[in-house]
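Peer 1:
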Amino acid sequence: MKCRLFNGFWQGICKIRVVPSGPFLLKHISMKYISFIVAILLCGQVSAQTSGDQIVGKWMKMPKQDMIIEVYAAGNGYNGKIEWARDTTKEKGYVIIENLQFDDEKDSWEEGKIRDPRSGSQYKAAAKLKPDGTLEVLGYKGIKMIGSKRSFKRVK
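For the sequence shown, my numbering begins at 15 and goes up steadily by one.
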């Protein structure tokens with residue numbers, strides 16, 4: 015006999031189910047759901063990290079192919095150092111790009127600094143990956159439109 019209401023009284027075998035609330039609710043949520051939620055949150059973190067990290071690696075200056083820079087994560091930004099240069103006055107390991115910050119909205123790296131290895135002059139820097147995989151680095155003082163662009167191709 016199942017549980018039923020008869021003349022205002024419950025008859026039969028009735029199971030009462032208590033629905034937990036408050037801090038006790040977590041004890042009753044299955045591990046599948048918790049794992050699923052954590053996985054979704056982690057996927058968001060990984061995608062945020064990888065989009066900025068696309069710049070990491072070795073890049074050859076084009077079209078002259080006279081310099082290779084290695085871009086690496088440093089703190090909250092990205093730096094670039096000279097890995098190889100045809101001109102021996104440019105020291106290997108010289109940090110040429112500093113503190114580029116990835117901007118999700120613009121899908122580019124902004125607010126950095128770039129140095130001219132010959133003169134030591136420092137300029138503001140921005141970088142963007144073009145659809146063909148070329149890295150375009152802009153050095154400028156004040157206004158971006160007046161700046162100087164350099165293109166780099168990824169190398170292994």
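Heads up, the beta-carbon is just placed ideally off N, CA and C, and yes, glycines get one too.
1. Assuming LYS163 and GLU150 are in contact, meaning their beta carbons sit under 8 Å apart, how far apart are those beta carbons, in whole angstroms?
2. Put LYS120 into one of helix, strand or coil per three-state DSSP.
3. Smallest Cα separation from ILE157: which of GLY94, ALA140, ARG168, ARG18?
4. Tell me, to the nearest whole angstrom, how far the beta carbon of PHE116 is from that of GLY147; I am working on the premise that it is less than 8 Å.
5. Measure the alpha-carbon distance for ASP101 versus ARG132 and round it to whole angstroms.
6. At the level of alpha carbons, what is the spacing between ALA8 and LYS72?
7. Note down, in chain order, each residue of its chain lying with its Cβ closer than 6 Å to the Cβ of MET76, except the 5 sequence neighbours on either side.
8. Helix, strand or coil for LYS158? Go by DSSP, reduced to three states.
9. Might you give, ordered along the chain, the residues of its own chain that have their beta carbon closer than 8 Å to the beta carbon of VAL1, omitting 5 neighbours on each side?
10. So the candidates are ASN21, SER122, VAL109; which of them puts its Cα closest to the Cα of LEU152?
11. Do you know how far the Cα of TYR154 is from the Cα of ILE160?
12. Taking Cβ to Cβ, would you say ILE111 is nearer than 8 Å to GLY94?
13. Check each candidate in GLY89, ILE82, ASN90 and name the one with the smallest Cα separation from GLU97.
14. Buried or exposed, going by whether 16 or more other CB atoms sit within 10 Å of the CB of THR64?
15. Would you report the Cα separation of LYS142 and LYS127, rounded to the nearest angstrom?
16. The beta strand (DSSP E) with GLY13 in it runs from where to where?
Peer 2: This is what the structure gives:
1. The pair is a contact, with the Cβ atoms about 6 Å apart (cut-off 8 Å).
2. Under the three-state reduction of DSSP output, LYS120 falls in the coil class, being neither helix nor strand.
3. Per the Cα distances, ALA140.
4. Beta-carbon to beta-carbon, PHE116 and GLY147 are separated by about 17 Å, too far to satisfy the 8 Å threshold.
5. Cα atoms of ASP101 and ARG132: separation of roughly 10 Å, rounded to the nearest angstrom.
6. Only positions 15 to 170 of the chain appear in the structure, and residue 8 is not among them; the question remains open.
7. If we look at MET76 and ignore the five residues flanking it on each side, its Cβ neighbours are SER165, LYS167.
8. Of the three classes helix, strand and coil, the one that applies to LYS158 here is helix, per DSSP.
9. What the structure shows of the chain is the stretch from 15 to 170, and residue 1 is not part of that stretch, so it cannot be assessed.
10. Checking every option, the nearest Cα to that of LEU152 belongs to SER122.
11. Approximately 7 Å between the Cα atoms of the pair.
12. Yes, the Cβ-Cβ distance between ILE111 and GLY94 is below 8 Å.
13. Ranking GLY89, ILE82, ASN90 by Cα distance to GLU97 puts ILE82 first.
14. The predicted model places THR64 with a pLDDT of 49, which falls under 50 and marks its position as unreliable, so this point remains unresolved.
15. C-alpha of LYS142 to C-alpha of LYS127: approximately 14 Å in a straight line.
16. Outside the displayed span of the chain (15 to 170) sits residue 13, for which this structure offers no information.
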